[in-house]
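Note sheet for the following structure.
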């Protein structure tokens with residue numbers, strides 16, 4: 218049931234509701250059984266809207282901080298949305314962070330996420346960088 222803008226309650230036929238759940242279940246099952254697929258399945262379970270573009274943030278980590286200036290220039294040349302996150306020190310003096318976020322506005326698919334992670338890792342490997350994580354906010 219759903220309430221319309223006029224305040225009336227609309228009842229959807231069982232067939233429509235059944236098709237919605239079948240399509241959701243198919244989408245959840247479509248993803249490969251790997252790390253990216255697991256994340257995408259969880260997103261589908263929480264009704265993430267895969268049909269519209271989102272800003273996907275890919276995190277590029279480096280063996281040493283700061284990364285080479287050439288690495289940052291290369292990322293800026295290849296991608297338009299780059300944000301350098303400097304390390305932070307907590308109260309105990311332990312240092313956390315130090316990575317670069319590459320934001321890409323796109324629809325999300327397993328193939329896209331894996332390709333961009335691989336592309337970024339390959340591009341940054343000469344500088345001791347790799348991309349093993351990504352995230353997206355649901356509006």
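Residue numbers (this note's numbering): 218 to 356.
Using N, Cα and C, we set each Cβ at its ideal position, and we do this for glycine too.
Remember, predicted model here, so these are calculated numbers, not experimental data.
Compute the beta-carbon to beta-carbon distance between residue i and residue j, rounded to the nearest angstrom, for a pair I have assumed lies under 8 angstroms.
i	j	result
residue 307	residue 315	Residue 307 to residue 315, Cβ: 13 angstroms. No contact.
residue 289	residue 319	Going by Cβ atoms, the distance from residue 289 to residue 319 rounds to 11 angstroms, so no, they are not a contact pair.
residue 324	residue 270	5 angstroms
residue 279	residue 337	Not a contact, Cβ separation roughly 12 angstroms.
residue 272	residue 322	5 angstroms
Sort the options by Cα distance to residue i and report the nearest one.
i	options	result
residue 355	281, 263, 275 and 347	263
residue 253	309, 332 and 270	332
residue 281	259, 266 and 312	312
residue 352	265, 297 and 295	265
residue 259	327, 286 and 335	327
residue 343	261, 286, 296 and 310	286
residue 295	305, 339 and 257	339
By a C-beta neighbour count over all protein chains shown, 10 Å radius and 16 as the cutoff for buried, is residue i buried or exposed?
i	result
residue 284	buried
residue 341	buried
residue 268	exposed
residue 346	buried
residue 301	exposed
Note the first and the last residue of the continuous alpha helix (DSSP H) segment covering residue i.
i	result
residue 274	Counting along the chain, residue 274 falls outside any alpha helix (DSSP H), though it belongs to the beta strand (DSSP E) covering 271-279.
residue 254	252-262
residue 329	327-341
What residue range does the beta strand (DSSP E) around residue i cover?
i	result
residue 320	316-323
residue 352	346-353
residue 290	From DSSP, residue 290 is part of no beta strand (DSSP E) but of the alpha helix (DSSP H) over 286-295.
residue 300	298-302
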